[in-house]
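Asker:
Numbering (our numbering), first residue to last: -4 to 175.
Printed below as a string of structure tokens:
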């Protein structure tokens, strides 16, 4: 929610052609100029909090994009990590985004909320929510984990198995199914 949706909406082919990789910061300046931060209410099983921010990310995996990571999110723990990037100031968003891109933790600019589900309510107007760059819904929004909802089959020798994590996860699941 927030800045990423606004930036993606203002990033077009002509801007990319004219500025190349610099199109992203140019689009960010255009999209965020004069925009107010979002006032949101976040609800989890044990938490209810109001925040003012320009960007909110929800992840169930540490790899959000090829260059952005959510440090506390894993596929195996059954929890979502909701990242609140910065506060209401634009400078705070810039610092938080830079820290996230550089994979540095920041207790002042990046805050995390964890849980198997999260509800997000806008305290003003409905906000568009994008999933992988496409606007799919608007606030109020509920996102939750569906354990074991997806079965992934990967051939042996696949590059997805190089870290051993997927194989370890698959073997652990097979053991649990055999015992259960």
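Idealized CB from N, CA, C, for every residue including glycine.
Using beta-carbon positions only, say whether residue -4 and residue 22 come within less than 8 Å of one another.
Answerer: No.
Asker: Give me the Cβ distance between residue 88 and residue 49, rounded to the nearest whole Å; I'm assuming they're in contact under 8 Å.
Answerer: 4 Å between Cβ atoms; contact.
Asker: Please report how far the alpha carbon of residue 33 lies from the alpha carbon of residue 117, in whole angstroms.
Answerer: Spanning the two alpha carbons is a distance of roughly 7 Å.
Asker: As an exercise, report each continuous alpha helix (DSSP H) stretch of at least 4 residues that is fully enclosed by the region 111 to 141, in chain order.
Answerer: Correct list: empty.
Asker: Output yes or no for whether 8 Å exceeds the beta carbon distance between residue 42 and residue 78.
Answerer: No, the pair does not count as a contact, with Cβ atoms beyond the cut-off.
Asker: Which same chain residues end up closer than 8 Å to residue 197 when comparing Cβ atoms and leaving out the 5 residues on each side of it in sequence?
Answerer: Outside the displayed range of the chain (-4 to 175) lies residue 197, so it cannot be described from this structure.
Asker: Determine the direct distance from the alpha carbon of residue 174 to that of residue -2, and round the result to whole angstroms.
Answerer: If you take the alpha carbons of residue -2 and residue 174, they lie about 47 Å apart.
Asker: Measuring straight from C-alpha to C-alpha, what distance separates residue 28 and residue 84?
Answerer: If I take the Cα positions, the gap works out to 12 Å.
Asker: Could you name the residues of the same chain whose beta carbon sits closer than 6 Å to that of residue 15, not counting the 5 residues immediately before and after it, in chain order?
Answerer: For residue 15, where only same-chain residues beyond five positions count, there are no Cβ hits under 6 Å.
Asker: Are the CB atoms of residue 72 and residue 91 within a distance shorter than 8 Å?
Answerer: In this structure, residue 72 does not lie closer than 8 Å to residue 91 by Cβ.
Asker: Give the single residue among 125, 133 and 126 whose Cα lies nearest to the Cα of residue 119.
Answerer: Taking only the C-alpha atoms, the option nearest residue 119 is 133.
Asker: Give every residue of the same chain whose Cβ lies closer than 6 Å to the Cβ of residue 45, excluding the five residues on either side of it in the sequence, and list them in chain order.
Answerer: The answer, listed in chain order, is 36.
Asker: State yes or no: is the C-beta of residue 121 within less than 8 Å of the C-beta of residue 130?
Answerer: Not closer than 8 Å, so no.
Asker: When you compare only the Cα positions, how much space is there between residue 2 and residue 38?
Answerer: Near 26 Å, if we compare the C-alpha coordinates of residue 38 and residue 2.
Asker: Where residue 126 and residue 151 are concerned, what is the direct C-alpha to C-alpha distance, given to the nearest angstrom?
Answerer: Between residue 126 and residue 151, the C-alpha separation is close to 30 Å.
Asker: Can you check whether the CB of residue 26 is closer than 8 Å to the CB of residue 4?
Answerer: Yes.
Asker: To which residues of the same chain is residue 146 closer than 8 Å at the C-beta, ignoring the five residues directly before and after it?
Answerer: There are no such residues.
Asker: Go ahead and label residue 144 buried or exposed: buried means 16 or more other beta carbons lie within 10 angstroms of its beta carbon, across all protein chains shown.
Answerer: Answer is exposed; the Cβ neighbour count stays below 16.
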